[in-house]
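In what follows, a single structure is set out as structure tokens and then discussed.
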Amino acid sequence: MEVKTSLLDNMIGVGDMVLLEPLSEDSFLGNLKKRFDHSEIYTYIGSVVISMNPYRSLPIYTPEKVEEYRNRNFYELSPHIYALADEAYRSLRDQDKDQCILITGESGAGKTEASKLVMSYVAAVCGKGHEVNKVKEQLLQSNPVLEAFGNAKTVRNDNSSRFGKYMDIEFDFKGDPLGGVISNYLLEKSRVVKQPRGERNFHVFYQLLSGASDDTLRKLKLDRDFSKYNYLSLDSAAVSGLDDAANFRTVRNAMQIVGFMEDEVQSVLELVAAVLKLGNIEFKPESRCNGTDESRVKDKNDLKEMCELLGIEQSVLERAFSYRTVEAKMEKVSTTLNVAQAYYARDALAKNLYSRLFSWLVTRINESIQAQTKARHKVMGVLDIYGFEIFENGDNSFEQFIINYCNEKLQQIFIELTLREEQEEYIREGIEWTNIEYFNNAIICDLIENNQNGILAMLDEECLRPGTVTDETFLDKLNTICADHQHFESRLNKNSKFLNDHSLPHNCFRIQHYAGKVLYRVEGFVDKNNDLLYRDLSQAMYKANHSLIKQLFPEGNPAKVNLKRPLTAGFQFRASVGTLMRNLQTKNPNYIRCIKPNDKKASHIFTDSLVRHQVRYLGLMENVRVRRAGYAFRQPYEPCLERYKMLCKRTWPHWKGPAREGVEVLMADLQIPTEEISYGRSKIFIRNPRTLFFLEEKRKQCLQDLATLIQKIYRGWKCRTHFLLMKKSQIVVAAWYRRYAQQKKYRNIKSATTMVQSYTRGWQARKLLRELKHQKRCEEAVTTIAAFWHGTQVRREYRKFFRANAGKKIYDFTIQRIIQKYFLGLKSSMPSMSPIDRKWPARPYGFLDGVHTELRKIFHHWRCKKYRDQFTEEKKAVYEEKLEASEIFKDKKALYPSSVSQPFKGDYLEISKNPKYQKLNSAVDEKVLLADVVNKINRANGKGTPRIFLLTKKNFVLADQKTGQVKASIPLPDVTSVSVSTQKDGFFALKLKEGSASAVKGDFLLSSEHLIEIITKLHRIGATAADREKLKVDISDEFLVQFKQDKVCVKFIQSSPKNGNSVSCKRKNNRLLEVSVPTSP
9 MEVKTSLLDN MIGVGDMVLL EPLSEDSFLG NLKKRFDHSE IYTYIGSVVI SMNPYRSLPI
69 YTPEKVEEYR NRNFYELSPH IYALADEAYR SLRDQDKDQC ILITGESGAG KTEASKLVMS
129 YVAAVCGKGH EVNKVKEQLL QSNPVLEAFG NAKTVRNDNS SRFGKYMDIE FDFKGDPLGG
189 VISNYLLEKS RVVKQPRGER NFHVFYQLLS GASDDTLRKL KLDRDFSKYN YLSLDSAAVS
249 GLDDAANFRT VRNAMQIVGF MEDEVQSVLE LVAAVLKLGN IEFKPESRCN GTDESRVKDK
309 NDLKEMCELL GIEQSVLERA FSYRTVEAKM EKVSTTLNVA QAYYARDALA KNLYSRLFSW
369 LVTRINESIQ AQTKARHKVM GVLDIYGFEI FENGDNSFEQ FIINYCNEKL QQIFIELTLR
429 EEQEEYIREG IEWTNIEYFN NAIICDLIEN NQNGILAMLD EECLRPGTVT DETFLDKLNT
489 ICADHQHFES RLNKNSKFLN DHSLPHNCFR IQHYAGKVLY RVEGFVDKNN DLLYRDLSQA
549 MYKANHSLIK QLFPEGNPAK VNLKRPLTAG FQFRASVGTL MRNLQTKNPN YIRCIKPNDK
609 KASHIFTDSL VRHQVRYLGL MENVRVRRAG YAFRQPYEPC LERYKMLCKR TWPHWKGPAR
669 EGVEVLMADL QIPTEEISYG RSKIFIRNPR TLFFLEEKRK QCLQDLATLI QKIYRGWKCR
729 THFLLMKKSQ IVVAAWYRRY AQQKKYRNIK SATTMVQSYT RGWQARKLLR ELKHQKRCEE
789 AVTTIAAFWH GTQVRREYRK FFRANAGKKI YDFTIQRIIQ KYFLGLKSSM PSMSPIDRKW
849 PARPYGFLDG VHTELRKIFH HWRCKKYRDQ FTEEKKAVYE EKLEASEIFK DKKALYPSSV
909 SQPFKGDYLE ISKNPKYQKL NSAVDEKVLL ADVVNKINRA NGKGTPRIFL LTKKNFVLAD
969 QKTGQVKASI PLPDVTSVSV STQKDGFFAL KLKEGSASAV KGDFLLSSEH LIEIITKLHR
1029 IGATAADREK LKVDISDEFL VQFKQDKVCV KFIQSSPKNG NSVSCKRKNN RLLEVSVPTS
1089 P
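Residue numbers for the sequence shown follow the working numbering, beginning at 9 and rising by one.
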């Protein structure tokens, strides 16, 4: 049997208020409190969901919960907002019915969160895909933008929606979202200029100042300090748990996702900044000569910055704050504004600027999220709108009147659609329809919206009437026309019933709404309905160079001057509500009633008086009565039979026939009165909740009996199973024991037999062993006696020869032992493997002197060979060059010792890698063995000129260091000898073969830091060449050098280091160059 859950299973209190018995306001509140105390925040009234704000996070919105409620019957699980959202989505997707979800409740009741939950559920269960996900993300991200500009912190709610929102989400035939359209209603724009104590302005002002970068604020001419702006209240500027800076970043990101361009975002921020600047503009009175007062701007700095932000000429806006132009046909009359009128104009401009900006934002979001296809769409509307507002202190004004009028219309459509839905279901099921008595609030709606004598119509008439119009004249008009209306009360309507009612002030009137009586203070009705913005300000705004401002104030266009008065706020709202009602009439309604449990925003607190007040003005008791007027409970036959079939023996455990017949048999067996139930085509209808509870009680008792029966059968089965298992186990254990006993007996007999055998064999073996040992001892005794006898004979013969050879043998043994000890000692004290290590162990005895010396030579040659074997070919060549340098210069040239530790690098200029010498490298065909910079000595003055010296196997080349141009290329066979001094200088003379082509200009006298390496490589190349003689190296402190036709003597002398340690060359005469080499200190 498939186990299914139900709304009736494990109920805390009553999950559906329609089943509440007895039904009263106290029992209604008690049921809500009981469920709220157990964290059950959702309760049904039929298909209506009551949502209590828990003021804390609950684990009931997880992805698992979404899957749990997905594609489930509405009453199948415990009450949840997901059940309503799923029911609406499935009806839209499968039955092609447009849906609307109406969310109402007072501020702080959780309406905004409820709308988010509905949208997030629909987004989770609809299709997937890149385009679908993009649409879902845009729809969801429109919320943060509208919340920033339309929500504010109030005493009741830290994130209170100060506007009504209706969103139509459009779907295709598969149920995937295509886009949406948002409509906004009655933004509370008066909050822009004034906030009640303990409340804030709209979020966006605080988010901008807290979260924008310093550069952005500098461009907007703003400061982070809230206290510098008159429009921002300071007592609640900071809200705990609200991070304005992080929310600003969230809003910027959301605007980007929705599709706002960067310049559009900047324009919006500029307008927000302009509103803040506008609030700082103050006025002072100034008397004119005709005795009238006019206003002047006190400090023009804020006015100047605002004009710069919006691109308006300062003088134009300043004049608009001081003068008002009234046009009548062809006449224009300009009047001055006093200070009070100037402040009114400033605040009116701020409110209009912000409200029009908000309307533009909604329009801009609609452009981004609207469906792109023109085909017919399925639509789900979500209405998040204010509930009834009743201030206990009597401060209900025009805004509360408009809000309550909207709720009257919603209540009217709720009753109509609920009754229509009931009637359609009765007709569909073939149940006889009986008229249901209920309070029809159409009379209250007519009192407010009637075109002839409705309150809104009379308010518009007063606003348009010439002459003096005040709130008192409007109240007089109401007292005259509405005096006899049964839902209108006033002390001035001459009705004796209210003349002595001191709870009704003289400047107020009272309307008996469906939710209760509400007292309205008439003060401000006329001004708020007019919502007047002077034409001069509209025209000043239109002259702005700011693109967005021109769109917001189209009436300021001089070419399109309209002398008609603009529509009043009441007329516009009534038209919007009418459009909304017509829209809702075409859709299947779903209701969510939000209730705030306490005013402290605290969890686990349930204030009876506050909840009672909300239950009354939400009309929840009326909802229950309408739902219960016909049949309180209805259920399809299959679930009903599945749930209650155990109550009848004929239907338990399985009913073979149709489900309806099974239910009829079941109800007849239970003797349910026929007037309590009716059988529809697919459902059974139960009139009284007591009947349902009777069924549930019987089912509960039957389930207990079934549980006892199941327990009895299970325990019997368990005992029998245990007995059979024990019996089987006993047989197995007995068999295994008998087997074990026989095996043990066999092992004991076998062990005893083996022991007897072992003892017998042991005795026989020991007897044989004794015999063998006796025989062996006899044989060994004979052998020992014979050996001793033969030894005695040999010793007698050998003794006569031993004394003659004893000394020589002892000497040889001693010498052998000394040599052995010598080698062992030498092995343990061997020197290191380094060829330069001169250490060698001392010889212990003089007679080993020759051997000791020879072993030292052999060891040295062996470790030298080992050392040489480690060399690579390149390393061998380097050491060969070093060895050849040693043969040439050791003990002959003072510069040699310092060159020993320096490796011969060869190419010091990296000529092949350096791009500077690319041309020179290409001019040399052979491999360069050495590349270095040398100084070529001039015989005329002894000065050195830098030259690049390149050496190959056939030539050496001198080139210019800067240009790389080759100055001389000399074949090596033309070089006969090299002359150097014995000092530490780097001078050397390359002497060329007389008569050769290279010797025309004479020999070369050069100086280099790498003299040893250069001459060694020259000498090595000459020694390896087979076609020329070995290069001669002449080392002397005085030698001759051939310069063209003259021979010059180069003489090296030592001098004290007076002018540093550098070598200097000076010309003494035409035949002598003297090189001074500083002596070492």
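Heads up, the beta-carbon is just placed ideally off N, CA and C, and yes, glycines get one too. If you're wondering where the values come from, they're calculated on a predicted model, not measured in any experiment.
So, for Pro954: in the same chain, excluding its five sequence neighbours on each side, which residues have a beta-carbon less than 7 Å away from its beta-carbon?
Val941, Asn943 and Gln969
Pairwise C-alpha distance: Arg778 and Arg807
43 Å
Whose C-beta lies closer than 7 Å to the C-beta of Phe256 among residues of the same chain, with five residues either side of it excluded?
Gln215, Leu216, Ser218, Gly219 and Ala220
Buried/exposed call for Glu788, threshold 16 Cβ in 10 Å
exposed
From this set, Gln679, Arg698, Lys883 and Glu672, which residue's C-alpha is nearest Arg689's C-alpha?
Glu672
Rounded C-beta distance between Ile554 and Leu318? I'm assuming under 8 Å.
Checking the sequence shown, residue 554 turns out to be His, not Ile. Yes, His554 and Leu318 are in contact; Cβ-Cβ is about 5 Å, under 8 Å.
Three-pair Cβ contact test at 8 Å for the segment 284 to 293 versus the segment 512 to 527:
no
By DSSP, does Val163 sit in helix, in strand, or in coil?
coil
Among the candidates Thr478, Tyr853 and Asp877, whose CA atom is the shortest distance from the CA of Met841?
Asp877
Taking only the alpha-carbon atoms, compute the straight-line gap between Cys786 and Phe821 and give it to the nearest angstrom.
41 Å
Among all the DSSP beta bridges, which residues are the ones paired with Ile600?
Val57 and Ile111
Starting from the C-beta of Lys1074, find all residues in its chain whose C-beta is less than 6 Å away, skip the five residues before and the five after it, and write them out in chain order.
Gly950 and Glu1082
Can you say whether Gly586 is buried or exposed, counting buried as having 16 or more other CB atoms within 10 angstroms of its CB?
exposed
So within the segment 482 to 557, which uninterrupted beta strand (DSSP E) runs reach at least 3 residues, ignoring any that extend past its ends?
516 to 521 and 524 to 529
Rounded C-beta distance between Ile692 and Cys648? I'm assuming under 8 Å.
6 Å
Are the segment 992 to 1004 and the segment 1012 to 1023 touching, with three or more C-beta to C-beta distances below 8 Å?
yes
For Leu776, is the classification buried or exposed, using 16 other Cβ atoms within 10 angstroms of its Cβ as the cut-off for buried?
exposed
By a C-beta neighbour count over all protein chains shown, 10 Å radius and 16 as the cutoff for buried, is Tyr875 buried or exposed?
exposed
With distances taken from CA atoms, which of Ala583, Asp355 and Phe957 is nearest Ile919?
Phe957
Ser1004: which of Ser987, Leu980 and Asp993 sits nearest, CA to CA?
Leu980
Straight-line gap, Val1058 to Lys1076 (C-alpha atoms, nearest Å):
10 Å
Kindly list the residues whose CB is nearer than 6 Å to the CB of Thr1087, restricted to its own chain and excluding five residues on each side of it in sequence; keep chain order.
Gln1062
Candidates Thr659, Tyr748 and Val276, of which the one nearest Tyr362 by Cα:
Val276
Looking at the unbroken beta strand (DSSP E) that takes in Ile866, where does it start and where does it end?
It is not in any beta strand (DSSP E) - Ile866 instead sits in the alpha helix (DSSP H) that spans Asp857 to Asp877.
Which class does Ala220 belong to by DSSP, given the choice of helix, strand or coil?
coil
According to the neighbour-count rule (16 or more other Cβ atoms, all chains shown, within 10 Å of its Cβ), is Leu28 buried or exposed?
buried
Out of Tyr434, Glu121, Ile600 and Tyr542, which has the shortest C-alpha to C-alpha gap to Ala350?
Tyr542
Please report how far the alpha carbon of Ile519 lies from the alpha carbon of Glu407, in whole angstroms.
15 Å
Write down every uninterrupted run of the alpha helix (DSSP H) in the segment 624 to 702 whose length is 4 residues or greater and which is fully enclosed by it, in chain order.
628 to 636, 645 to 652 and 667 to 677
What do you get for Gly23, buried or exposed, if any count of 16 or more other CB atoms within 10 angstroms of its CB means buried?
buried
I'd like to know whether the C-beta atoms of Glu1017 and Phe912 end up nearer to each other than 7 Å.
no
So, for Leu483: in the same chain, excluding its five sequence neighbours on each side, which residues have a beta-carbon less than 6 Å away from its beta-carbon?
Val530
Give the DSSP-derived three-state secondary structure of Ile421 in the structure shown.
helix
Of all the alpha helix (DSSP H) runs that stay within the bounds of the segment 993 to 1066, which reach a length of 4 or more residues?
1019 to 1032
Just the C-alpha distance for Gln750 and Ala743, rounded to the nearest angstrom, thanks.
11 Å
Spell out the partners DSSP gives Leu1080 in its beta bridges.
Cys1057 and Asn1077
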